[in-house]
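The structure appears below as structure tokens.
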Amino acid sequence: MSGHIIDMVNRIRQNKIPQRKKFQGDNRSMLYIEPSEVNYDFAQPTPDELQKIKLTIRQEALQNKKNSLFLLAACIVVIALLMTLFLLNYDFPFATLGKY
1 MSGHIIDMVN RIRQNKIPQR KKFQGDNRSM LYIEPSEVNY DFAQPTPDEL QKIKLTIRQE
61 ALQNKKNSLF LLAACIVVIA LLMTLFLLNY DFPFATLGKY
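Oh and the sequence shown: position 49 is 49 in the working numbering, straight run, nothing missing.
Structure representation (structure tokens):
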């Protein structure tokens, strides 16, 4: 039991705030540095190119939606088929219909 208490005391001693690197000295000077002027040179597309980009994005989104719906429908069909096969082949102990 006392070993755990000694471990706790050692951890507290090691993790004291004044011993941590970021609290030593004057590190607040980095907060007041003036931002540098950075100019980025982005390509400016023409309105026709913007329309083409928007059209391709819409077509890709529509294709992804169709693929997702097809996958969902396929999964539903497979699950329904498996449930049907299971229910047709399962021997219910309380069922008396069809077993003459």
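Backbone N, C-alpha and C define an ideal beta-carbon position, used for all residues, glycine too.
A direct Cα-to-Cα measurement between Q44 and E37 gives close to 21 angstroms. In the three-state reduction of the DSSP assignment, V38 falls in the coil class.
Under the three-state reduction of DSSP output, I33 falls in the coil class, being neither helix nor strand.
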